[in-house]
Structures are given as structure tokens and as C-alpha cells.
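First residue of the sequence shown? That's 415 in this note's numbering, and the numbers climb one at a time after it. C-beta: ideal position from N, C-alpha, C; glycine also. Everything on this sheet refers to the single structure shown next.
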Amino acid sequence: MSTFRDLSGITPSGQLTLGNYLGALRRFVQRQYEVDGYYFVADLHALTVDHDPARHRQLTTSTMALFLASGLDPEQATVFVQSDVSAHVHLAYLLECTAHVGELSRMIQFKQKGHRPGTRASLFTYPCLMAADILLYGADRVPVGGDQSQHVELARDLAIRFNSLYGDTFVVPELEPVALAARVLDLQDPGRKMSKSDPEDAAGVIRMLDNPDVIAKKIRRAVTDSDNEVLYDPKHKPGVSNLLDILASLTDQPPRDVATSITTYGQLKQATADAVITTLKPIRRRHDELLKNPAELNRMLVMGAVKAREASEPFLAAANQAIGITR
Ligand code: AMP
415 MSTFRDLSGI TPSGQLTLGN YLGALRRFVQ RQYEVDGYYF VADLHALTVD HDPARHRQLT
475 TSTMALFLAS GLDPEQATVF VQSDVSAHVH LAYLLECTAH VGELSRMIQF KQKGHRPGTR
535 ASLFTYPCLM AADILLYGAD RVPVGGDQSQ HVELARDLAI RFNSLYGDTF VVPELEPVAL
595 AARVLDLQDP GRKMSKSDPE DAAGVIRMLD NPDVIAKKIR RAVTDSDNEV LYDPKHKPGV
655 SNLLDILASL TDQPPRDVAT SITTYGQLKQ ATADAVITTL KPIRRRHDEL LKNPAELNRM
715 LVMGAVKARE ASEPFLAAAN QAIGITR
């Protein structure tokens, strides 16, 4: 096992998508054998905007079941729900006492949504919680897509500032850019990424729990173009290239090779639907089994929470000590 610790969370702000699977979960599953991995359901991060408690609870449980059903092994990696480890909130407060109002005001989410009436204060402070998520586990490197780099930069800045104010306490994490090839685009609007926060019935979003008929229908209706030429050209043919990317990713081939073996859009859609259904079907079955067996799911949740508390405790204790909290 490498000494590298890496860490990633997914916020349960909607039913997970094929993008979450190909861009995140599948990678976590591969990496759990190479690194000391920490993978968590970031349930507290879903509370920064208007939410429904019952739906939040259901999404948190379902997301954890999808982590496990996708192949994350709680004996191998540390797989947990963020709110089960109270150290996250504690350290977040210490980091709020380290961060400056100016730098939090410059965070993209706050700049975009922070000035609407009724904005929750947590929409301003959540980057400190995200920094706590990272710093609590001494993660050396944090895999980030382009949209997350500002958060990891802030975590680095806060770690450096805390260390220089109070003495060496935190590992300063490196950013590890994730290959853009893993980016799955919306099937109806291939100009933007497939997002779990879109309306539940969005036709361009494949959910990991969609049944095979729904998946086939969404892919059949995916936007392409009128050339009817199967070519990998993300700039000029984003819809077709997105389908090629999905199929290539699921069959472990370069998208250009996939393109040469297929002649019509109909074939491309059929092959893509088959590959997506073959991959997601057993995951959905396992997810449903876990939800029907709360004792088994709970045993795994407890195992993850215990491991995460043990791993984070020394970093929290060191931060308390450094900042002057006596107990
Ligand atoms: P989000 O759903 O934006 O909270 O992201 C959770 C994780 O899933 C992050 O690691 C993202 O990079 C990944 N992810 C989300 N949507 C996509 C997508 N459409 N394509 C690839 N990766 C994605």
C-alpha cells in the first residue's frame, strides 16, 4: 500500500449520474488498491441551500449504498458519511477562525449565489468545511476536476497560514488534476456537463439508478447532428463525441478507435446504451439489496465511521493543541 492518502467526497444533492460514476466512483474503486483512500458522502455540504430533510436523508443513504455497490470495499478504503465524524465541523470552525472574509467572498459559489435574499451563512463558510474535510486526513493529494480547484487552493492557503501562525500542524495537499476525458456531457445539451443537481426527470441526465428502458430511451434521444458520420471531434460534433467518450470509457478503448468500428448513429446509440446498461444493472441490483438490508448497510457505515474517526483524531488533536484549546 502506498503511503499516499487521497480523499474525495460526493455531495448528495441529487441522484448520482453516469458522470459521477465514470468521473469519480469508478476511479475511487480503482484507486482504493493503490492508495490509502478516504471516500465520503458529503452530506453536510448539501445543507447550504434550501433542502427537504426527508429527501436529504434518503439521498445520503442511497449515495452511500451506491458507493458500496460500485465496488468500494470498506475493509480496503475508509468509506464514510461526513456527519458521522464530528471532527469535520469542529475543524471547520477552527479554519473559519483562520480564513479571511475577503478570500471567502471571492469563492465562485458565493459570488454567484451569495447575495440573494435568504442565502444561508453556510454558503459563505462551507469552503472552510471543505478545507477541514481535506486537512483532517493528512491527504497528500486531492483529485480535482477543474471546478473544484479553487476549494483545494483555499485548503492549501489555510493549511499554510495555520502552520505559520501556530506551528507545523497540517500536511499541505497537492492538487491532482483529473483527466478531462472522464467528463460526461449532458445528452440534451452537450455544451455542459451532466449534473446530478438538474431536475429529477431531465432527459439529458442518466442516473445510476435509472432502469434499462429509461437509459435506452435517454440515449436514443441524445442530441447528435445531421451529418450522420461517426467521427470523434468534440469541438464540432460534441453530441456524437460524448457518446463515443462514454462508450470508450466503459469499454476501455480510445474514443477514436471506437469511432472507426461504428458506422451509423443508430449503432452508436445502441452500443452505448448496451454498455451503460451492462455496467449499471448489477450496481443498481446491489444498491437495492443494501437498502433492503439496513443491518448490513449500517455495519459498513459504522466500520467507515470508526476508521475515519481514528484517522482524523490525531490531526484534530494537533490543531486544538496548536490553536490553544486545552482539551
Ligand atoms: P458533483 O456531482 O459535481 O458534486 O461531483 C462529484 C464528483 O463527480 C466529482 O469528482 C466530479 O468531478 C464528478 N463528476 C460529476 N459530474 C461529472 C460529469 N458529468 N463527468 C465527469 N465527472 C463528473
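The ligand AMP and residue i: does the residue's C-beta get closer than 6 Å to at least one heavy atom of that ligand?
| i | result |
| --- | --- |
| T425 | yes |
| R534 | no |
| V449 | no |
| V598 | yes |
| G437 | yes |
| K683 | no |
| M622 | no |
| N656 | no |
Looking only at its chain, what residues have a beta carbon closer than 7 Å to the beta carbon of residue i, apart from the 5 residues adjacent to it on each side?
| i | result |
| --- | --- |
| I574 | V586 |
| P613 | none |
| Y646 | S655, L658, P669, R670 and A673 |
Using DSSP with H/G/I as helix, E/B as strand and the rest coil, what is residue i?
| i | result |
| --- | --- |
| T583 | coil |
| R575 | helix |
| P557 | strand |
| L623 | coil |
| V644 | coil |
| E588 | strand |
| L550 | coil |
| L601 | coil |
| A616 | coil |
| T512 | coil |
| A722 | helix |
| T477 | helix |
| T431 | strand |
| K651 | coil |
| K607 | strand |
Mind checking which residues open and close the beta strand (DSSP E) that includes residue i?
| i | result |
| --- | --- |
| I424 | R419 to I424 |
| G451 | D450 to V455 |
Got a sec: is the Cβ-Cβ distance from residue i to anything in chain C below 7 Å?
| i | result |
| --- | --- |
| R419 | Among the chains in the structure shown there is no chain C, since it carries only a single protein chain. |
Give the range of the alpha helix (DSSP H) segment to which residue i is assigned.
| i | result |
| --- | --- |
| V672 | P669 to T674 |
| T492 | It is not in any alpha helix (DSSP H) - T492 instead sits in the beta strand (DSSP E) that spans T492 to V495. |
| Y447 | Segment: none, Y447 is in no alpha helix (DSSP H) and carries neither H nor E. |
Ignore the nearest five residues each way along the sequence and tell me which others in residue i's own chain have a CB closer than 6 Å to its CB.
| i | result |
| --- | --- |
| V558 | V566 and L589 |
| A722 | T492, F494 and V499 |
| R445 | G451 |
| V619 | T431, M608 and D612 |
| T462 | R534, S536, L537 and Y540 |
How close, in whole Å, do the beta carbons of residue i and residue j come, if the pair is a contact with beta carbons under 8 Å?
| i | j | result |
| --- | --- | --- |
| A630 | L664 | Not confirmed; about 15 Å, so no contact. |
| M622 | L430 | 5 Å |
| Y453 | S476 | Contact doesn't hold; Cβ gap of about 16 Å is too wide. |
| M521 | Q564 | 6 Å |
Output needed for residue i: all residues of its chain with C-beta closer than 8 Å, excluding positions within five of it in sequence on either side, in chain order.
| i | result |
| --- | --- |
| K695 | P626 |
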